[in-house]
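Residue numbers for the sequence shown follow UniProt numbering, beginning at 1 and rising by one. C-beta atoms are modelled at their ideal positions from N, C-alpha and C, and glycine is treated no differently.
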Amino acid sequence: MAAHQEKKLAQERKQKTTQNGTQTSQGQWGRAWEVDWFSLASIIFLLLFAPLIVYYFIMSCDQYQCSLTGPLTDLLMGNTHLSDIWNKTPVLTYRAAGIYSLWVAFQVVLYIFIPDFCHKFLPGYVGGVQEGAVTPAGVVNKYQINGLQAWIITHVLWFANAYYFHFFSPTIIFDNWIPLLWCANILGYAVSTFVMIKGYLFPTNAKDCKFTGNFFYDYMMGIEFNPRIGKWFDFKLFFNGRPGIVAWTLINLSYAAKQQELYGQVTNSMILVNVLQGIYVLDFFWNEAWYLKTMDICHDHFGWYLGWGDCVWLPYLYTLQGLYLVYHPVQLCTANSIGILTLGLLGYYIFRATNHQKDLFRRTNGNCRIWGKKPEYIECSYTSVDGTKFYSKLLTSGFWGWARHFNYTGDLMGSLAYCLACGFEHILPYFYIVYMTILLTHRCLRDEHRCSSKYGKDWKRYTAAVPYRLLPGIF
Ligand code: NDP
């Protein structure tokens with residue numbers, strides 16, 4: 001009922017906006033209210049093809065030794081038929097369904113039933129109950145931050161099993177990779193459909209729902225801002241971090257174990273990928289409280305994009321380098337491995353330091369030092385849906401004075417390092433850097449559109465002070 005009222009209100013708001021002759025106005029920042037044909041076409045394309053893309057990549061490794069052109073060439077030359085490829089694809093098995101159900105259930109238990117204890121003994125770590133940012137409806141949600149603990153417990157159990165208990169093989173993930181893909185898809189679609197229905201029938205906060213009136217857009221980008229079950233089960237925090245990101249490092253470990261089983265050794269490229277991606281994952285959990293202030297939690301609604309994306313896209317496509325290295329065990333020369341390690345660590349440093357500067361600046365309301373000096377910033381204001389005026393600041397010194405999204409630049413450098421570790425024989429491991437470049441450039445534009453709606457003329461002053469987005473002097 002509340003959702004229907006909000007839907008009506010949204011329509012009235014939309015009419016008012018159109019009367020004023022502007023696309024969006026302050027107090028309406030966030031996901032678009034109107035769907036243009038390009039967004040709609042992209043969404044329908046992704047809904048149709050993203051699951052096929054994931055299948056194509058994983059199948060190429062399984063049947064064509066990670067050659068992306070192999071299946072296409074075979075099909076075009078008439079050497080194989082789609083039905084042959086499909087018939088060779090492993091099917092959903094009871095074993096995979098059991099493993100996956102246990103995995104997700106275990107992560108739910110760690111998330112819901114074990115309050116954080118890491119913050120009690122790890123100096124500098126922020127865990128336990130933390131507050132998120134103000135939502136467009138003016139709500140401040142509380143979150144139980146215990147991802148680091150979930151990650152540690154899961155990995156301790158993994159290593160205990162691998163070296164001591166031997167209940168299952170450490171290659172279990174690799175060995176069931178395609179059957180598990182079907183399970184991940186089932187969960188991804190189930191959760192996206194559930195939150196869509198929930199948005200209509202029993203939203204957590206009706207004022208933070210958005211209805212564009214376009215079914216595909218609403219399904220993809222989500223209706224509810226922060227769907228929850230009960231007080232603590234937050235869909236966005238759970239699905240983004242666990243099961244997807246906790247699994248990331250386990251998946252890589254399983255690939256390393258497979259290399260060991262197949263070739264009697266783990267290559268230095270596999271170790272590099274495990275270490276660099278491991279740092280990235282650990283960083284995510286160490287900074288989970290900071291993550292509450294990032295776009296995914298602060299601005300994106302929860303739909304298929306996050307629900308299916310976290311269950312399928314992330315664990316399957318972010319781990320392609322490790323998968324590739326099982327089929328092509330690359331041993332890098334010392335100079336190359338040092339070069340790749342340096343690029344990866346430098347990228348990570350820029351990524352972390354930039355994010356840290358903004359976080360510190362926002363947390364202390366500007367009462368901090370950036371590179372040893374008082375921060376420079378632009379004062380700005382915005383209005384929430386109920387008309388309340390809020391004040392904020394945009395940092396213009398440190399890395400934030402170099403470019404408006406230098407954190408993305410660092411992220412891209414790290415992503416390139418993972419790909420380079422795989423050598424140049426195949427294009428498949430380079431998918432990640434291509435994808436991240438598209439994702440982060442699009443995110444830049446999306447974020448800036450949102451910030452411009454939110455801050456109006458103050459945003460213009462900011463872009464004049466920091467004119468470049470990713471690369472100073474270039475873009
Ligand atoms: P940011 O952390 O850059 O957050 C953007 C928000 O920060 C803006 O919406 C605005 O929010 C605020 N902001 C923008 N400029 C300033 C400024 N100068 N001073 C203070 N606040 C500012 O982006 P994301 O949330 O997208 O990304 C966070 C990290 O996560 C990045 O490092 C990114 O690389 C990484 N990431 C990784 C992904 C992956 O798949 N591996 C996917 C997405 C992100 P406000 O409304 O509060 O002003």
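- A direct Cα-to-Cα measurement between K207 and Y377 gives close to 32 angstroms.
- Counting only unbroken stretches of 3 or more residues, the beta strand (DSSP E) elements lying wholly within the stretch 127-178 are 128-134, 140-145, in sequence order.
- Here the C-alpha atom of N79 lies approximately 10 angstroms from the C-alpha atom of L72.
- Distances from the CA of F225 to each of I173, Y305, I178 were compared; the closest alpha carbon is that of Y305.
- In this structure, V312 keeps its C-beta atom at 7 angstroms or more from the C-beta atom of V109.
- Taking all protein chains shown into account, M77 has fewer than 16 neighbouring C-beta atoms within 10 Å of its C-beta and is therefore exposed.
- Here L395 carries a strand assignment [DSSP, helix/strand/coil].
- The criterion of a C-beta distance shorter than 7 angstroms is satisfied by I427 and L68.
- It is roughly 9 angstroms from the alpha-carbon of C368 to the alpha-carbon of R362.
- Taking 6 angstroms as the cut-off, one finds at least one heavy atom of the ligand NDP near enough to the beta carbon of L394.
- Secondary structure remark: continuous alpha helix (DSSP H) runs of at least 4 residues inside the stretch 289-331, in chain order: 295-298, 304-308, 314-317, 320-327.
- Just so you know, the alpha carbons of L471 and T409 end up roughly 7 angstroms apart.
- Within the stretch 206-270, the complete alpha helix (DSSP H) runs of at least 4 residues fall at 215-221, 235-239, 246-263.
- Distance from the CA of D84 to the CA of I251, rounded to the nearest whole angstrom, comes to 28 angstroms.
- Residue pairing by DSSP places E379 opposite K393 in a beta bridge.
- Between the ligand NDP and the CB of C451, the shortest heavy atom gap is smaller than 6 angstroms.
- G473 counts as exposed, since fewer than 16 other C-beta atoms from the protein chains shown sit within 10 angstroms of its C-beta.
- For F238 and F117, the gap between their C-alpha atoms comes out near 18 angstroms.
- Spatial neighbours of G188 in its own chain (CB-CB distance under 8 angstroms, excluding positions within 5 residues in sequence) are listed in chain order as W304, G307, W308, G309, D310, C311, V312.
- In the structure shown, K373 adopts extended strand secondary structure according to DSSP, grouped into three states.
- Excluding residues up to 5 positions away in sequence, H328 lie with their Cβ nearer than 7 angstroms to the Cβ of E425 in the same chain.
- The count of Cβ pairs closer than 8 angstroms, one atom from the stretch 86-93 and one from the stretch 116-131, stays below three, leaving the stretches out of contact.
- W290 has its Cβ no nearer than 6 angstroms to any heavy atom of the ligand NDP.
- Under the three-state reduction of DSSP, F361 is assigned to helix.
- Membership of V91 in any alpha helix (DSSP H) is not indicated, and neither H nor E is assigned to it by DSSP.
- The beta-carbon separation of V246 and G322, rounded to 16 angstroms, does not stay under the 8 angstroms limit for a contact.
- Of all C-beta pairs linking the stretch 178-192 to the stretch 96-108, three or more are shorter than 8 angstroms, placing the two stretches in contact.
- Pairing I112 with F233, the inter-Cα distance amounts to about 7 angstroms.
- Judged by DSSP secondary structure, L416 falls within the alpha helix (DSSP H) whose first and last residues are 406-420.
- Each residue's CA atom was taken as its position, placing M220 and A50 some 12 angstroms apart.
- For M220, the CB stays at least 6 angstroms from every heavy atom of the ligand NDP.
- In this structure, the CA atom of L282 is about 43 angstroms from the CA atom of H81.
- Under the three-state reduction of DSSP output, D62 falls in the helix class.
- Excluding residues up to 5 positions away in sequence, G132, A133, D359, R362 lie with their Cβ nearer than 8 angstroms to the Cβ of K293 in the same chain.
- Looking only at S392, L346, Q107, the smallest Cα-Cα distance to S381 is reached by S392.
- In the DSSP assignment, D74 falls within the unbroken alpha helix (DSSP H) covering 69-76.
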